[in-house]
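*Asks:* Sequence lines, in order, name chains X and U. So the first sequence is residues -18 to 304, counted in the numbering used here. So the second sequence is residues 421 to 948, counted in the numbering used here.
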Amino acid sequence: MTFEVILQLFDSSLRLATPFLLACLAGLFSERAGIFDIGLEGKMLAGAFCAAAMAAISGSAWIGLMAGMGISVLLSALHGLASITLRGNQLISGVAINFLASGLTVLVGQNLFRLGGQTPQLKGNARFSEITLPFADTLRDVPLIGPVYHDLISGHNILVYIGLAAVPLTWWVLFRTRFGLRLRAVGENPGAVDTAGVSVVRLRYEAVILCGILCGIAGAYLSLGTSAAGFVREMSAGKGFIALAALIFAKWQPLNALYACLLFGFLEAIGTKYQNVDVWGLFILPVQFMQALPYILTVVILAGFVGKAIPPKAGGQPYVKEE
Amino acid sequence: MNGDNGTGRPETAAPAIELRGISKRFGPVRANRDVCLTVEAGEIHGIVGENGAGKSTLMEILYGFYAADAGQIVVNGVETEIPDSQAAIAAGIGMVHQHFKLVETFTVLENVVLGAEDGVLLRPSLDRARALLGNLAQEYELEVDPDAVVETLSVGLQQRVEILKALYRNADILILDEPTGVLTPSEADHLFRILRNLRNQGKTVLLITHKLREIMDVTDSVSVMRRGEMKATLRTEATSPEELAELMVGRKVLLSVEKRPSTPGEIRLDVENLSVTDKTGVARLKGISFSVRSGEILGVAGVSGNGQSELLAVLGGISPGTGQIRVRGQTIDISRADGQARRSDGIAHVPEDRQRLGLVMAFAQWENAVFGYHAAPAYCRQLGLTNRRTIFETADTWIQKYDVRPANKNLAASRFSGGNQQKIVISREFERNPDILIVGQPTRGVDIGAIEFIHRQIIALRDAGKAILLVSVELDEILSLSDRVAVMFDGRISGERITADTDERELGLLMAGMTDKGGSRTPEVLPE
């Protein structure tokens, strides 16, 4: 395995990890505030569709991104209405959102574009194009640093960098600001927040809306920032659920979330690059196995093989004012 | 410790709090009916009443947690609207809830500033809180490590964090709801010192409790509530526990239990080297041994969470343990959790958590009355069908005998009050005529009138020659009922005493972990 191959592998890991990362941080805001969100998947899918549809119509990726975020925030608000205001079951509400997104994207897509639920191929400004960072070309020939900077760090679209920047930003918001302190508190003991004179309902809505924004970006990345260049039905392909697994793996910590998502991205990159792997001439790992790697890791994580992860204490429970 | 009661209280100043005609309804329940209360500034004012008398509701209204249906709140002479907790805090009212409102994974500092931050960024608030906590610690004996994570602190320290939270918000009026329920006697003493300090600095303290001794100990005046109404407000020095109890219940109450000396017989229950390790691998019981004879009550005292629940669970067949338990000389199998086996061994169990383990809340009284014994021949017919007529008759008889109110066997268990729920459990277990009776927290959340009744029933079973193990966190209950006392601390029995030869102080030290090592019964250091 040459240096060049490793760089390529890492490069595609980063691209593939970005939707996981954005969705994972989205879930982090929501779950830290005590609202379980199994609907990350659906919000991503709806976000991907709206982003692609609006980009196709308007010809602008940015308008597409706004639309993706908009629909995702709308679904988040729906989840909030069901689970915060109406105190319904958060899992059921999340599942409902997944079904809703799965059906509506295809239905509306077919009605709009008559392409079997897909959107037209996006070209030019309707996609997020790759950004070449300053000096990437001049530094290219410097040994070691040059290729790393040019091939790995430079040359991604803006959403990849937004995802990466969101990690320290999330950490800072959670652990260094008043909002973060209250958000974490409301996921652990909403009663403490309420008696301190802060509105539990408002805080939880804010968290859920933040979740929607990040999920929308994740969705827009799928349709506007990858080689798919448009919306394909069910294109989120369980990524929202993998992001949830990564969130548990990361123990609800932003920096850990980055590592966990990079690991999932890496596994997916391997699965794409190596189709049939010959294991020392003994047997051949089939392509399906390689592609299943991220999902296998998900199962392993959810089965609790990576140590005990303690979720926010009040997670999943609607807050009822009572002793 | 002698409280210097209310020295130098300015008579002319407006009362700290005046409640006028407060009423509050929860569905059909009238929790507060036209309640009026005046609390003078700079006093410790107690509020007593039975469970469900409306004390907590009244305080939650004052703290803005509930909105009153009618009435006015006057704080320091100014009529004040308190629609939410924020308004209460702004009016200088702080509250320490019975169940602490702390974020357990946060540090003390983070808990203190939560909701009272100075700005968008945390750092300046935390720094200011750290400085202020230092001052408060010195002024009021309120030392807590500001960087400690709350879940690692003892209950007593967590309570201090709650008080600090209120003081950080500049509370002048501090409400404490049943603050001593979870404390050891020495922790409670420390709390009372803090409260006296606060009063001497000019703060007003409202103390809600059902323990009359605390009222007599620490308050300057006391108000009594009964069934949602305010019955009286008295100067503490001018009243007595007997008078207060009568006001609370509405009739004369015997505060002490009348009982004859016990006549212990043969050993019925013999526990040797019993250990329990929980699912996470933590040892909860560490090789305890004791025995109970027929015709005696062994009381198990201790602050909750020191292994009493695990002991009850093993004896009741709810969870397994290791070691030996002999019932009338016969070793029983405790490697498996088997409640039915315990029942056929002649052990009856009144669980400490009646709502979770003692009753099926959604089931009617008649179903609950035979639960666990429903397979007994008397209740069955052929083919495993139940004999409803017999069960109905049994249920009616017990409702009469144990004075269960309302007397309706078709009512779901959840519709009865705490005391009456307990009577349902007790009738079921006591009427089995067991050899051995295991009773956990028999009067937790039960009102005074029912407590008296339950205590008399337990004594009657003792006099009928039963071996009784009584686990309770109420030291008064242990002292008045049991013949011998074993004190549990950290999964061990830290000492065993004859009730007549010991006192609250000595048991309090054992509860705090002082053991009998070296035969010395006086510890070197007083625990905090």
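Backbone N, C-alpha and C fix where the C-beta goes; we use that ideal spot for every residue, glycine too.
(1) Would you say Glu12/X faces chain U, with C-beta separation under 9 Å as the test?
(2) DSSP on Thr642/U, reduced to helix/strand/coil?
(3) Considering only residues of the same chain and omitting the five flanking positions on each side of Lys294/X, which have a CB-CB separation below 7 Å?
(4) What residue range does the beta strand (DSSP E) around His769/U cover?
(5) Using a C-beta to C-beta distance shorter than 9 Å, which residues of chain X count as neighbours of Leu553/U?
(6) Would you please verify whether the beta carbon of Ala177/X is less than 9 Å from any beta carbon of chain U?
(7) Quick one: residues in its chain with C-beta nearer than 6 Å to the C-beta of Val528/U, no 5 flanking neighbours on either side, listed in chain order?
(8) On the criterion of 16 or more Cβ atoms from any shown chain inside 10 Å, does Leu946/U qualify as buried, or is it exposed?
(9) Return the first residue and the last residue of the beta strand (DSSP E) that His465/U is part of.
(10) So, are the CB atoms of Val455/U and Ser443/U less than 9 Å apart?
(11) I need the straight-line Cα distance from Ser387/U to Asp883/U, nearest angstrom please.
(12) With burial defined as no fewer than 16 other Cβ atoms inside 10 Å of the residue's Cβ, what is the status of Tyr255/X: buried or exposed?
(13) Where does Lys24/X fall in DSSP's three states?
(14) Could you name the residues of the same chain whose beta carbon sits closer than 7 Å to that of Gly670/U, not counting the 5 residues immediately before and after it, in chain order?
(15) Under 9 Å, do Ser837/U and Gln861/U count as touching if we go by C-beta distance?
(16) With distances taken between CB atoms, is the gap from Ile593/U to Ile467/U smaller than 9 Å?
(17) So with Cβ pairs under 9 Å, would you call Leu162/X a contact of chain C?
(18) Under 8 Å Cβ-Cβ, which residues of chain X neighbour Met515/U?
(19) So Phe10/X is in the alpha helix (DSSP H); what residue range does that whole segment cover?
(20) In whole angstroms, what is the alpha-carbon distance linking Gly949/U and Ile481/U?
(21) Strictly under 9 Å for the Cβ-Cβ distance: is Arg543/U near chain X by that measure?
(22) Bridge partners of Thr697/U, per DSSP?
(23) Taking Cβ positions only, does Ile509/U come closer than 9 Å to chain X?
(24) Within a Cβ cutoff of 7 Å, which residues of the same chain sit near Glu607/U, ignoring the five residues on either side of it in sequence?
(25) Does the CB of Asp504/U have a neighbour CB from chain X at under 9 Å?
(26) Can you pull the chain X residues whose beta carbon is under 7 Å from the beta carbon of Thr525/U, in chain order?
(27) Are the C-beta of Ala362/X and some C-beta of chain U separated by less than 9 Å?
(28) What does DSSP give as the partner residues of Leu689/U in its beta bridges?
(29) Which residues mark the beginning and the end of the alpha helix (DSSP H) in which Ala757/U is found?
(30) Taking a Cβ distance cut-off of 8 Å, strictly less, list which residues of the region 24 to 54 of chain X are near chain U, in chain order.
(31) Report the rounded CA-to-CA distance for Ile139/X versus Ala117/X, giving the unit in angstroms.
(32) If you count every other CB in all the chains shown that lies within 10 Å of the CB of Gly956/U, and 16 or more means buried, which is it?
(33) Starting from Ala920/U, follow its DSSP beta bridges and name the residues at the other end.
(34) I'd like the ranges of any beta strand (DSSP E) spanning at least 3 consecutive residues and lying wholly in the region 475 to 503 of chain U.
(35) Contact check, Lys312/X vs Glu22/X under 8 Å by CB: the rounded distance?
(36) Is the beta carbon of Gln877/U sitting closer than 9 Å to the one on Gly778/U?
*Replies:* So, from the listed chains and residues:
(1) As a first step, residue 12/X must be located in the first sequence, where it is residue number 31. So, not an interface residue.
(2) In the second sequence, residue 642/U corresponds to position 222, counting from 1. Checking the displayed sequence, the identity of residue 642/U turns out to be Val instead of Thr. The answer is strand: DSSP assigns Val642/U an E or B state.
(3) As a position in the first sequence, residue 294/X is number 313, starting the count at 1. The beta carbon of Lys294/X sits closer than 7 Å to those of Glu169 and Asn170, all from its chain and outside the five residues before and after it, given in chain order.
(4) Here residue 769/U refers to the residue found at position 349 when the second sequence is read from its first residue. Following the DSSP letters along the chain, one finds His769/U inside the beta strand (DSSP E) bounded by residues Ile767 to Val770.
(5) Here residue 553/U is taken as the residue at index 133 of the second sequence, counted from 1. Chain-order list of chain X residues neighbouring Leu553/U: empty, with the shortest C-beta distance near 17 Å, by a criterion of under 9 Å.
(6) Along the first sequence, one-based indexing puts residue 177/X at 196. Taking 9 Å as the CB threshold, Ala177/X lines the interface with chain U.
(7) Residue numbering aside, residue 528/U sits at position 108 when the second sequence is read from its first letter. The beta carbon of Val528/U sits closer than 6 Å to the beta carbons of Val564, Pro566, Ala568 and Val581 from its chain, once the five residues preceding and following it are set aside; these are given in chain order.
(8) Here residue 946/U refers to the residue found at position 526 when the second sequence is read from its first residue. No answer about Leu946/U holds up, because its pLDDT of 38 lies below 50 and its placement is not dependable.
(9) Counting from one through the second sequence, the residue named residue 465/U turns up at place 45. Counting along the chain, the beta strand (DSSP E) containing His465/U begins and ends at Ile464 to Gly469.
(10) On the second sequence, residue 455/U is found 35 positions in, with the first residue counted as 1. On the second sequence, residue 443/U is found 23 positions in, with the first residue counted as 1. Yes; because the gap between Cβ atoms is below 9 Å, this pair is in contact.
(11) Residue 387/U falls outside the range modelled here, since chain U spans only 421 to 948, and no answer is possible.
(12) For this step, residue 255/X is matched to residue 274 along the first sequence. Exposed, because fewer than 16 other Cβ atoms sit within 10 Å of the Cβ of Tyr255/X.
(13) Here residue 24/X refers to the residue found at position 43 of the first sequence. In the structure shown, Lys24/X sits in a helix (DSSP, three-state: H, G or I).
(14) As a first step, residue 670/U must be located in the second sequence, where it is residue number 250. Here Gly670/U has Arg646 as same chain residues with Cβ atoms under 7 Å from its own Cβ, once five neighbours each way along the sequence are excluded.
(15) Translated into the one-based positions of the second sequence, residue 837/U becomes position 417. Translated into the one-based positions of the second sequence, residue 861/U becomes position 441. The answer is no: Cβ separation not under 9 Å.
(16) On the second sequence, position 173 is the one that residue 593/U refers to. On the second sequence, position 47 is the one that residue 467/U refers to. In this structure, the beta-carbon distance from Ile593/U to Ile467/U does not fall below 9 Å.
(17) No chain C appears in this structure, whose protein chains are X and U.
(18) Here the question's residue 515/U lines up with position 95 in the second sequence. For Met515/U, the neighbours in chain X by C-beta distance under 8 Å run, in chain order, Thr176.
(19) Working through the first sequence from its first residue, we reach residue 10/X at position 29. Going by DSSP, Phe10/X is part of the alpha helix (DSSP H) stretching over Phe(-16) to Arg13.
(20) Outside the modelled stretch of chain U, which goes from 421 to 948, sits residue 949/U, for which no answer is possible.
(21) Within the second sequence, numbered from 1, the residue matching residue 543/U stands at position 123. Output row for Arg543/U: interface = yes.
(22) Numbered from 1 along the second sequence, position 277 holds the residue referred to as residue 697/U. DSSP lists Ala703/U as partners of Thr697/U.
(23) Locating residue 509/U in the second sequence gives position 89, where the first residue counts as 1. Interface residue, yes.
(24) As a working mapping, residue 607/U is identified with position 187 in the second sequence. Answer for Glu607/U: Gly576, listed in chain order.
(25) Position 84 of the second sequence, counting from 1, holds the residue named residue 504/U. Closer than 9 Å to some Cβ of chain X, the Cβ of Asp504/U qualifies, so yes.
(26) Reading the second sequence from its first residue, position 105 is the one you call residue 525/U. Per Cβ cutoff of 7 Å: Glu169.
(27) This structure leaves residue 362/X out entirely; chain X is present only between -18 and 304.
(28) Working through the second sequence from its first residue, we reach residue 689/U at position 269. Under DSSP, Leu689/U takes part in a beta bridge, and its partners are Val712/U and Val747/U.
(29) Counting from 1 along the second sequence, the entry for residue 757/U is found at position 337. For Ala757/U, there is no enclosing alpha helix (DSSP H), as DSSP marks it with neither H nor E.
(30) Shown here is that no member of the region 24 to 54 of chain X has a Cβ falling below 8 Å from a Cβ of chain U.
(31) Mapped onto the first sequence, residue 139/X falls at position 158. Mapped onto the first sequence, residue 117/X falls at position 136. Whole-angstrom Cα-Cα distance: 16 Å.
(32) The structure shown has nothing for residue 956/U, since chain U only spans 421 to 948.
(33) Looking up residue 920/U in the second sequence gives position 500. Answer by DSSP bridge pairing: none, since Ala920/U is not bridged.
(34) If we require 3 residues or more, the beta strand (DSSP E) runs fully inside the region 475 to 503 of chain U come out as 490 to 495.
(35) Since the first residue of chain X shown is -18 and the last is 304, residue 312/X is not available in this structure.
(36) On the second sequence, position 457 is the one that residue 877/U refers to. On the second sequence, position 358 is the one that residue 778/U refers to. In this structure, Gln877/U keeps its C-beta atom at 9 Å or more from the C-beta atom of Gly778/U.
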